[in-house]
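Have a look at the structure below before the remarks.
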Amino acid sequence: MKYKNIGVLFFLMTGTISNAQTSQSIQIKNNIQQNEFQIMESFKELLAIPNIAADPVGIEHNANWIANYMQSKGIQKVQLLRDDNTQTPPVVYGEVITPGVTETVIFYAHYDGQPVDSSKWAKGLHPFKPSLYSNLISDGGLPLSWPTKELGFDLQSRIYGRGASDDKAGVMAIINAYATLVQLHIKPTINIKFFFEGEEEAGSPHLSALLKNHKSLLASDIWVICDGPVHQSGKKQIVYGVRGDTHMEITVFGPKRPLHSGHYGNWVLNPAMELARLLASMKNEKGEVTVAGFYDDVTPLTISEKEALANIPSVDAQLKNELGVLATERNIPLNDALQFPSLNVNGIQSAGVGKYSANVIPTKAIASIDLRLVKGNDWRRQQEKVINHIKAQGFFVTNKEPTDEQRKQNNKICMVVVDDNSYNAQKTSMDNPFAKRIAKVMQLGLGSNPVLLPTVGGSLPLFVFEQELNTAPITVPIANHDNNQHAENENIKLKNFFEGIQIFTSIMTLTK
Ligand SMILES: [Zn+2]
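And the structure:
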């Protein structure tokens, strides 16, 4: 095969950003456009295969489809990797090793999706019958018939279906980036490994073991994770870290049986009121968590991280407008707020409301609490701080329903059930040389600087890559921010999808 890589050649000759590099980008863009019909046909086919963790047949079907598709694009060593347990959803693996190339990047995406409730999807949509709309449906988007090859696709249109954005778009963009280079005879400058997971939405229960079992196969310089949305401004972004996550369920107990609020109000302690007081004691009016030591372990931001945060275009006004909120909890920009650990109430329950309300003093009140963690936090230590805070408010804390004896001895009782299925934050240094080169090459391919985000608000168990392989992951998402991932009406804007393919071609032709 005759290879050419004008951009790299010119770069080596001049050591500067070149027009040739731009011409390669144009060539790539044109090629993607020429192939968009076939790419979209295949994307539609993949989206029609149900990909819910609870449906192992569907998961296998997806894995086999992807493996065949990879083989059809000339990817080598395509195989299904599993943990020792043969029942687990497989990782679809493949690689392209280029002679003389020493550096290796693993591209990650996942093909499984969140559970679906078809009845909640907009009229005319079905999670596994992908359909094309002129725009976001809630913005007046109308159904489009599938275009002919000659007509082509409108880049503002969206394809709706489970996995459209999260994360089958990632799988398709990565594979087609390589296919584009092959068609254009452009030699990748890195060895490429493909890693498509099948149980990310189920919490990746076997990922750690699988990485450990395939350590040498998965040797690389860096992982590029394609998952999640791009920046709300619409600009492409690189994310260097994710927050960790842990949950706690807090139950405050009242009388052993529900009491008449007329006969007993003003006399017995009301657990809903006690819980409200307890929760309110955890944050001040400035939105700061008042739990002792809550922010103590946080690793300070580096100079590069502070600079990156200052350069992020503000979307606060746009988001406030979109969400119908006037003020924010902490009077700081969104991305600054995400650099702190957080404490949020996910839900509160005590007796009934509305048509279920009765004149009672409830027996208990329950709150689900979500703690997000940043670099430096340890999830067990963070839980412990909250438990100590509850004790400091005068509660006897137990992890089981209180006994009669405990009720006799303690006025205020709180049961705390902690979630052991928790994990810490992960962050790759923004000064990581490989990550820096990726940011640079994305800028060249796109013609504009991507947003560099030290830590995204959401959580992913990315620490396993560091833990098992001692390697750094960075995330390069491609989906539009209003993609409804995890919910009904999931979609991806075609502009994002096709630009995503181009972004990965840039990374696959990374220069030194
Ligand atoms: Zn995802």
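With the working numbering, letter number 441 in the sequence shown gets 571, and the count goes up by one each step, no holes.
Backbone N, C-alpha and C fix where the C-beta goes; we use that ideal spot for every residue, glycine too.
For residue i, which three-state DSSP category applies?
i    : result
T234 : strand
T558 : coil
K386 : coil
Q513 : helix
H361 : coil
V369 : strand
H611 : coil
H519 : helix
A252 : coil
E379 : strand
G524 : coil
I538 : Contrary to the premise, residue 538 reads as Lys rather than Ile in this sequence. Note: K538 maps to helix in three-state DSSP.
N626 : helix
A410 : helix
G137 : Note that G137 scores 37 on pLDDT, short of 50, meaning its location in the model is unreliable; the coordinates nonetheless yield the value given after this. Note: G137 maps to helix in three-state DSSP.
M131 : Residue placement at M131 is poorly supported in this model, since its pLDDT is 37, which falls under 50; the coordinates still yield a value, given next. Reduced to three states, the DSSP call for M131 is coil.
A617 : coil
A402 : helix
V475 : strand
I631 : helix
Taking the continuous alpha helix (DSSP H) assigned at residue i, which residues delimit it?
i    : result
E225 : Premise fails: E225 lies in the beta strand (DSSP E), V221 to V226, not in any alpha helix (DSSP H).
M545 : No alpha helix (DSSP H) holds M545; the beta strand (DSSP E) holding it covers I543 to V548.
G392 : S391 to Y394
G588 : No alpha helix (DSSP H) holds G588; the beta strand (DSSP E) holding it covers V586 to S589.
K566 : P563 to L576
E596 : F593 to L599
Compute the beta-carbon to beta-carbon distance between residue i and residue j, rounded to the nearest angstrom, for a pair I have assumed lies under 8 Å.
i    : j    : result
A371 : K505 : Strictly speaking, residue 371 in this sequence is Gly, with Ala absent from that position. Right, their Cβ atoms sit about 7 Å apart.
H240 : G328 : 7 Å
P607 : G358 : 4 Å
P591 : S334 : 6 Å
Q513 : M378 : 6 Å
I196 : F326 : 6 Å
V527 : V546 : 6 Å
N507 : G384 : Contact doesn't hold; Cβ gap of about 33 Å is too wide.
K203 : E225 : In fact, because the Cβ distance is near 12 Å, the residues do not count as touching under 8 Å.
P580 : M560 : That pair is no contact at about 12 Å.
V475 : I499 : 6 Å
A438 : L582 : 4 Å
L274 : S287 : 6 Å
N306 : I631 : 5 Å
I637 : V354 : 6 Å
Between which two residues does the beta strand (DSSP E) containing residue i stretch?
i    : result
W353 : I352 to I355
N343 : It is not in any beta strand (DSSP E) - N343 instead sits in the alpha helix (DSSP H) that spans L337 to N343.
S261 : S261 to Y263
L582 : V581 to L583
P603 : P603 to T605
With burial defined as no fewer than 16 other Cβ atoms inside 10 Å of the residue's Cβ, what is the status of residue i: buried or exposed?
i    : result
I515 : Strictly speaking, residue 515 in this sequence is Lys, with Ile absent from that position. With 16 or more other Cβ atoms within 10 Å, it is buried.
H611 : buried
Y486 : exposed
V398 : exposed
T639 : buried
E404 : buried
N621 : buried
G282 : exposed
K250 : exposed
N212 : Per the sequence shown, residue 212 should be read as Arg rather than Asn. Classification of R212: buried, given that the 10 Å Cβ count is 16 or more.
H519 : buried
G270 : exposed
H361 : buried
G254 : exposed
L456 : exposed
D534 : exposed
P443 : exposed
K386 : exposed
L272 : exposed
H315 : exposed
V419 : buried
R502 : buried
T278 : exposed
Hey, would you say the C-beta of residue i is under 7 Å away from at least one heavy atom of ligand 2?
i    : result
G358 : With respect to ligand 2, the structure offers nothing, as its ligand set consists of ligand 1.
Practice task
Note down, one range per segment and in chain order, each beta strand (DSSP E) of at least 3 residues found wholly within the stretch 479 to 506.
Solution key: 494 to 503
Problem - Contiguous alpha helix (DSSP H) assignments of at least 4 residues, all confined to the stretch 267 to 333 - result: 298 to 313
Exercise for the section: Please specify which runs of the beta strand (DSSP E), each continuous and at least 3 residues long, are wholly inside the stretch 149 to 228, giving them in chain order. Expected result: 206 to 211 and 221 to 226
Practice task
Please go through the stretch 420 to 473 and give each complete alpha helix (DSSP H) segment of 4 or more residues, from N-terminal end onward.
Solution key: 433 to 440, 446 to 453 and 464 to 467
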